[in-house]
Amino acid sequence: MPLLTSSGDEKLNWAIVIHGGAGSDPQNWNDAKTKIREDGLHRALTAGRDALAKGGNALDTVELVIRILEDDAAFNAGRGAVLTKEGKVELDASIMDGKTRACGAVASLTATRNPINLARRVMTETPHVLLAGQGADQFAEQQNVPLVEPDYFLSKARFPESEPHFGTVGCVVLDSDGNLAAGTSTGGTSKKLPGRVGDSPIIGAGTYAANDTCAVSGTGVGEEYIRNSVAYDVAARMRYANQSIEDAVTTIMHRTLKSGMGGIIALSKEGKIVMQHNTPGMSCGAADSSGRFDTHLVLKNGGCPPSIENAEAGTTSTANTEISKLLLQQVKDWNQGDIDAFMKPYWNSEQLTFSSGGKVTRGYEKTLNGYKDRYPDTKTMGTLTFEKLEFQPLGQDAMQVLGIWKLARDNEPLEGRFTLVLRRFPEGWKIIHDHTSKTPDELVQP
Ligand code: ASP
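Next up, the structure:
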């Protein structure tokens, strides 16, 4: 079995993450509900762990674990599914193989006992990806996937109409061959319109797996997950923007999705585990071959890493403090004669714009070289100060900063104004545009 190195020091060769839905605050649950949820998570995670420890493969483990959760009436999937406005169940599920990107999904099932088993059959036994409604239940019959009578679904008896019942289930797995898989199953949102389909059976919205990046399962307001291609976006951020799995999930949870929308579980190809929610709670759990085994009904700070959580406090004053620190550091670096360090807060992109004396320079390298040409030695660089900073937020993730710069030098002191535009990237604030002028203000030649 190949050993995969996690981002930490220990070696991982398999890992599993599960969720049992995001939503209400477990503090408001009674002891019985808390216990059935905890027991359910524990049972499913134990089965998944044992299967993987014996060398079980990712897809089989996802199917096994989700089936267990579907049979558990504590969750909103299979047996415990919520009801539509008309008091019926309509079940959705999907599964995806990270190795081949084969996938299968079912929607609006009314009689299939385990939607996840049928989703797997759609993947392996048909040329299609998604079967819905009557045709899908008929396909279950042809495939000998068990059908049940409507009274099998217990939700109505267990959960009073007044209490919204959360508990979509999902599972992501990395097996000891390095293969990823993901699956999700749900009864959808309670009192949904008949025929409504959420994100859980939509590949790329509620479920996604690809061996080059990660496996993802989401839970929450499905319409938002579909609009933002949430599960695929985690992989895309890793693939194209080189984000870590944690940054990718954090960005989506805190920037793309509004607070209260749901949660995500994700697992990278290296076995890095991420569980996050922006709702009061999310039932979830994780285990891996290093011996990790934990289940939760709520995660501290929603599972968000502390650095982003601080920035996420989101107040303008937090942004002002962060940007002030950045500019102060720039001044220090300049005064130590280190132009490369001074340039660090600039956006390392061809699209960076720097304008000075009516001349516009585009691109990071050109800007850096421009500075080096104009200030060839520490004598020319002099001593820099920034004064009278004014912060003007441009929405949540951008800021305009106005100020005065002064360069004390023996022979030719300089002084001028600047206008900076900064954007908040997952790794922090960056200057994306810098305009400086000398005072009295230069006139740009027409
Ligand atoms: N995402 C599911 C749906 O919209 C519901 C949930 O996860 O609670 O169907």
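Take the position in the sequence shown, starting the count at 1, then add 31; the result is the number in the working numbering.
Glycine included, each C-beta is placed from N, C-alpha and C at the ideal position.
No experiment lies behind these values; they were computed from the predicted model shown.
Indicate, with yes or no, if the ligand ASP has a heavy atom lying under 8 angstroms from the CB of residue i.
| i | result |
| --- | --- |
| V203 | no |
| G253 | yes |
| D182 | no |
| A53 | yes |
| G226 | no |
| F456 | no |
| D208 | no |
| G118 | no |
| F170 | no |
| Y256 | yes |
| S314 | no |
| T157 | no |
| G71 | no |
Per DSSP, residue i forms a beta bridge with which residues?
| i | result |
| --- | --- |
| T326 | G316 |
| K390 | S387 |
| H285 | Paired residue(s): none; H285 is not in a bridge. |
| C335 | Paired residue(s): none; C335 is not in a bridge. |
| H308 | G294 |
| A377 | Ala is not the amino acid found at residue 377; the sequence shown has Tyr there. Paired residue(s): I462. |
| S125 | A136 and T215 |
| Q431 | Q423 and V452 |
| K437 | T416 and E446 |
| V204 | I47 and A212 |
Could you compute how far the alpha carbon of residue i sits from the alpha carbon of residue j?
| i | j | result |
| --- | --- | --- |
| R74 | F197 | 19 angstroms |
| L178 | G86 | 31 angstroms |
| G111 | Q169 | 22 angstroms |
| I463 | A350 | 16 angstroms |
| D408 | G368 | 8 angstroms |
| F456 | A297 | 21 angstroms |
| E254 | G219 | 11 angstroms |
| V391 | D441 | 28 angstroms |
| F417 | P311 | 43 angstroms |
| I147 | L76 | 17 angstroms |
| G394 | H466 | 14 angstroms |
| G345 | D128 | Unreliable positioning characterises G345 in this predicted model, as indicated by a pLDDT of 40, which lies under 50. A coordinate reading is not provided. |
| R132 | G401 | 47 angstroms |
| L162 | L122 | 12 angstroms |
| G333 | F324 | 18 angstroms |
| S320 | E301 | 12 angstroms |
Look at residue i and residue j and say whether their C-beta atoms are less than 9 angstroms apart.
| i | j | result |
| --- | --- | --- |
| S299 | C245 | yes |
| L399 | P376 | no |
| G201 | I97 | yes |
| T450 | Q431 | yes |
| T199 | G52 | yes |
Cβ of residue i less than 9 angstroms from any chain D Cβ?
| i | result |
| --- | --- |
| P457 | Of the protein chains in the structure, only one exists, and it is not chain D. |
(request) Can you check the segment 222 to 268 for any beta strand (DSSP E) of at least 3 residues that lies completely inside it and give the ranges in chain order? (result) 238 to 240 and 245 to 251
(request) List in chain order: all unbroken beta strand (DSSP E) runs of 3+ residues lying wholly within the segment 33 to 118. (result) 46 to 54
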